[in-house]
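Note that the UniProt record's numbering gives residue 44 to position 44 of the sequence shown, counting from 1, and the numbers run on in steps of one. In what follows, a single structure is set out as structure tokens and then discussed.
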Amino acid sequence: MTTKVLPYIEAGTLDQQDLPRAWEPRLEMIVQIGQGLAAIHAAGILHRDLKPNNIIFGSDGRPRIADLEPAPPRARSRRAHPWHEPPRAGEQLRPSQHTVSS
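Next up, the structure:
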């Protein structure tokens, strides 16, 4: 059994925040979230479930990206969910019936 120890986050999630009306602090928060997401992507991980309640705030007021559980490395998966598969033509569904010359 694997156990994860995570820091206690006392300031809640993005959807629980009383955001300032001014655009400058909001922009700074968005930039910080973007930098965190870029770091996750640089590590080869796709988050796939980034939403306001997965952005948590520490006592320092800085946002942190949470809930990385559904995030497999990029190399193992190409899409978020099986129902996001694009439609295919019938001949693509049964490639064994066709040859390169057909």
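Where is the CB? At the ideal position from N, CA and C, for every residue including glycine.
- Between G36 and I65, the CB-CB gap stays under 9 Å.
- In this structure, the alpha-carbon of H47 lies about 18 Å from that of F57.
- The alpha-carbon separation between L6 and L27 amounts to approximately 27 Å.
- In this chain, the beta strand (DSSP E) harbouring I55 covers 55-57.
- Pairing N53 with D15, the inter-Cα distance amounts to about 6 Å.
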